[in-house]
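> Chains as they are written, first to last, in this note's numbering: chain A, 1 to 242; chain B, 243 to 759. A virtual CB, placed ideally from N, CA and C, is assigned to each residue, including glycine. Please find one structure pasted underneath; my questions will follow.
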Ligand code: SF4
Ligand code: SF4
């Protein structure tokens, strides 16, 4: 059991982290073409709305909730010290979790039943959806069965995760956690591990730079003035388009 | 003044015979692939008609293009706030069924079915699912006014016409139609570029071709919504958007794009326009009434020494300036003022211009008494029992324009944001040239009358000759004046030759091969 624990909570997190960084970088640099999530809205749009929107909103909220407890454990604990605030946090987190679950189930249902969407579905798409589903179900179970997650996450898991980052893993707290929670944690690393091999990779190219660029984009293959200037070294007027 | 050059197009609608050769040429070269079967980067529509995808001109449905709000313009269905908030589900994305479900037939069944009592048939199957399907729609289902109650009657351009005018258009005796071939307009203020969250779409500085970088496209599909002409298409198989590339590999090597090269009616012209890029924003946000004039104004005179100097200072090649001076599109658009952009009110500043069709306007159909009709007809002509007269007479020179079978308002809704005077001006010119030529060749119109027609339309016999020549007798090199892309530079549009200079042979594609270890 301990070997397995050590593997899951010491070795695997590093493997997953390295695979994630190297894999995503490699995929982006070698086959940027594949870094996206193949949209099927063009083939079926109405059911997608009831899947994609609750899924993504739930996912973002839950993800940033975890992130907050990881980055600001003290603040989280302080917030939770007043019962009403704790309840508000936990209930809203759970509602987002349910929205995530609902979205995921309707996405899966749509993917399996719509003949057109089936055509653009790979086995990996199904696999990753099942993995996410397992993770979400576990997450909801943890939220219901092991109260209050936001507090013990900040108290127990945040130090563990930071110790991983500091390269000196302190695992006692994790090893002692109930099985369901440990599965949920291992699931998170597994998902991280899978990102470079699946459509999940699209989140690394979320188009936030759109907010900051001018609307119109014009590209010159050469610096059009330098290329005609005999004094300019010609290798400077390098085409920019490739 | 920021002078840039733009490869622009003119389609002369009177000459289009609706043969779809252009569409097929394009399909064979570029879109005969999985996921692209439904795409027609070049398509030819019958007008009146709903087009492809159905009712694409109705931006209440598709939310394409720009809209003006105060002094500024905004993307109607995309743009920063909308593209990002709708990124999980784009409510304004057209679906495959708005175009049509691509299909083929099980031809093999015809030869491989076992012997039996019945003839085997080739059933239609979907090219998406491979399952048998009922064909409900095709890319030009309303060709030549077929299915008019469902298609032509629902043409979005009819909405501004009175019910009586609409009724009149669809009377059997007055029915008229024309073809509208469409490709991407390679706009100066492209909505597709502005809507792309990934910055995958760009306009090439050298020639203004608008392209989608397939390696950067991330399937957000906002360009499909934003292009008011619905000329970016989503490839459902690769998950990338694609669009007309104006056959840039052909243009770079001096060939006309495939659709233009193959055009049977020879309706297509291609040439350089110089324009002032500083004005793009102000022109695109000008008032609807002045949009067309402003767009014409920002196109610069390639003979003006100031323009030439500014162009040179901006790095426009001499060969390109030369091409601009011979450009057939400059003649049609500016010198002669014959061509108009399609739906200027979408504010993308399209660079594909149309010479409006004269044929549906030339003749009028009048309800006259039978006797009056007989007087006009040649005694040997067949006598019809009804009271309609198909009148092509030129007694009143421009008389038929206002009673045209095709209401001018309809043309104006297509080509000038509803301003009939602009369309009328162009139609009068076209008509004057005809009258002039009829005087020259048939001779039943007096010189006086022909001169009167020309001067009313603002033309001279020399201009009329030039228009006639470029309309009816142009050679290949008159229709397509493509600036040399400078072979030495053209190759650098794809790769940098400096990288392989000093290498073995043609060099190595792979950087790692610089040193053999
Ligand atoms: S026609 Fe559409 S796709 Fe083409 S440049 Fe204009 S906005 Fe973009
Ligand atoms: S090939 Fe030319 S004439 Fe034929 S449909 Fe196309 S544009 Fe019209």
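If you draw a straight line from the alpha carbon of residue 252 of chain B to that of residue 334 of chain B, how long is it in whole angstroms?
Each residue's Cα considered, the two are about 31 Å apart.
> So for residue 250 of chain B, helix, strand or coil by DSSP?
In this structure, residue 250 of chain B counts as strand in the three-state DSSP scheme.
> Is it buried or exposed for residue 2 of chain A, if we count other Cβ within 10 angstroms and need 16 for buried?
It is exposed - the Cβ of residue 2 of chain A has fewer than 16 other Cβ atoms within 10 Å.
> Within 10 angstroms of its Cβ, does residue 40 of chain A collect 16 or more other Cβ (buried), or is it exposed?
With 16 or more other Cβ atoms within 10 Å, it is buried.
> In angstroms, rounded to a whole number, what distance separates the CA positions of residue 756 of chain B and residue 311 of chain B?
Residue placement at residue 756 of chain B is flagged as unreliable, the pLDDT there being 48, under the threshold of 50; the coordinate-derived value follows with that caveat. One C-alpha to the other measures close to 56 Å.
> Using a Cβ-Cβ distance cut-off of 8 Å, determine whether residue 65 of chain A contacts chain B.
Answer no: the Cβ-Cβ gap between residue 65 of chain A and chain B never drops below 8 Å.
> When you measure from the CB of residue 452 of chain B to every non-hydrogen atom of ligand 1, does any distance come out below 7 Å?
Correct: residue 452 of chain B has its Cβ closer than 7 Å to ligand 1.
> Mind checking residue 478 of chain B: buried by the 16 CB within 10 Å criterion, or exposed?
By the 10 Å Cβ count, residue 478 of chain B comes out buried.
> Going by beta carbon distance, what residues of the same chain come within less than 8 Å of residue 250 of chain A, once the five residues before and after it are set aside?
The structure shown has nothing for residue 250 of chain A, since chain A only spans 1 to 242.
> Count the other C-beta atoms from every protein chain shown that fall within 10 angstroms of the C-beta of residue 74 of chain A, then say buried if there are 16 or more, exposed otherwise.
Classification of residue 74 of chain A: exposed, given that the 10 Å Cβ count is below 16.
> Do three or more CB pairs link the stretch 448-460 of chain B to the stretch 482-490 of chain B at distances below 8 Å?
Judged by Cβ distances under 8 Å, the stretch 448-460 of chain B makes contact with the stretch 482-490 of chain B, as three or more pairs qualify.
> Which partner residues does residue 477 of chain B have in the DSSP bridge list?
Paired residues: B:482.
> Determine, for residue 435 of chain B, whether the minimum Cβ-Cβ distance to residues of chain A falls below 8 Å.
True, the Cβ-Cβ gap to chain A drops below 8 Å.
> Decide if residue 341 of chain B is buried, meaning its Cβ has at least 16 other Cβ atoms within 10 Å, or exposed.
Buried is the call here.
> Under 7 Å from any heavy atom of ligand 4, does the C-beta of residue 286 of chain B make it?
Questions concerning ligand 4 fall outside what the structure shown contains, since the ligands it does hold are ligand 1 and ligand 2.
> For my contact list, residue 332 of chain B and residue 589 of chain B are in at a C-beta cut-off of 8 Å; report their separation, rounded to the angstrom.
Actually they do not touch by this definition, with Cβ atoms about 21 Å apart.
> For the stretch 390-398 of chain B against the stretch 251-270 of chain B, do three or more pairs of beta-carbon atoms, one drawn from each stretch, fall closer than 8 Å, so that the two count as touching?
Touching, no.
> Any C-beta of chain A within less than 7 Å: which residues of the stretch 330-358 of chain B qualify?
From the stretch 330-358 of chain B, only 330, 331, 332, 335, 337 and 338 have a Cβ closer than 7 Å to chain A.
> Beta carbon of residue 506 of chain B: closer than 7 Å to some heavy atom of ligand 2?
The answer is yes for residue 506 of chain B.
> Counting only beta-carbon separations shorter than 8 Å, does residue 304 of chain A have a partner in chain B?
One cannot answer for residue 304 of chain A here, as it falls past the ends of chain A, which runs 1 to 242.
> Give the straight-line distance between the Cα atoms of residue 544 of chain B and residue 563 of chain B, rounded to the nearest whole angstrom.
Rounded to the nearest angstrom, the two C-alpha atoms are 7 Å apart.
> State yes or no: is the C-beta of residue 574 of chain B within less than 8 Å of the C-beta of residue 511 of chain B?
Their beta carbons are under 8 Å apart, which means residue 574 of chain B touches residue 511 of chain B by this criterion.
> Would you mind giving the Cβ-Cβ distance between residue 364 of chain B and residue 378 of chain B, rounded to the nearest angstrom? I have them listed as a contact below 8 Å.
Contact flag wrong, Cβ pair sits at about 18 Å.
> Residues in the same chain with beta-carbon distance under 8 Å from residue 528 of chain B, minus the five sequence neighbours each way, listed in chain order, please.
Excluding sequence neighbours, residue 528 of chain B sits near 536.
> Cα separation between residue 532 of chain B and residue 571 of chain B?
In a straight line, the C-alpha of residue 532 of chain B is about 21 Å away from that of residue 571 of chain B.
> Taking Cβ to Cβ, would you say residue 181 of chain A is nearer than 8 Å to residue 146 of chain A?
It is a contact, given that the beta carbons lie within the stated cut-off.
> Checking 8 Å against the spacing of the C-beta atoms, do residue 599 of chain B and residue 534 of chain B come in under that value?
Not a contact, by the Cβ cut-off of 8 Å.
> Got a sec: does ligand 1 put a non-hydrogen atom nearer than 7 Å to the Cβ of residue 474 of chain B?
Yes, the beta carbon of residue 474 of chain B sits closer than 7 Å to at least one heavy atom of ligand 1.
> In whole angstroms, what separates the C-alpha of residue 502 of chain B from that of residue 326 of chain B?
If I take the Cα positions, the gap works out to 38 Å.
> Between the stretch 644-658 of chain B and the stretch 403-419 of chain B, can you find at least three pairs of beta-carbon atoms closer than 8 Å?
With the cut-off at 8 Å, the stretch 403-419 of chain B and the stretch 644-658 of chain B touch.
> Going along chain A in order, which residues have a C-beta closer than 9 Å to the C-beta of residue 515 of chain B?
Within chain A, no residue comes near residue 515 of chain B; the closest Cβ sits about 16 Å away, beyond 9 Å.
> Anyone know if the C-beta pair for residue 258 of chain B and residue 509 of chain B falls short of 8 Å?
Yes, these two residues count as a Cβ contact at 8 Å.
> Secondary structure at residue 17 of chain A, three-state DSSP: helix, strand or coil?
The answer is helix: DSSP assigns residue 17 of chain A an H, G or I state.
> Per DSSP, which one or two residues make a beta bridge with residue 270 of chain B?
Paired residue(s): none; residue 270 of chain B is not in a bridge.
> Here's the rule: buried if 16 or more other CB atoms are within 10 angstroms of the residue's CB, otherwise exposed. What is residue 282 of chain B?
So residue 282 of chain B counts as buried.
> With 16 as the cutoff for other CB atoms within 10 Å, does residue 354 of chain B come out buried or exposed?
Burial call: exposed.
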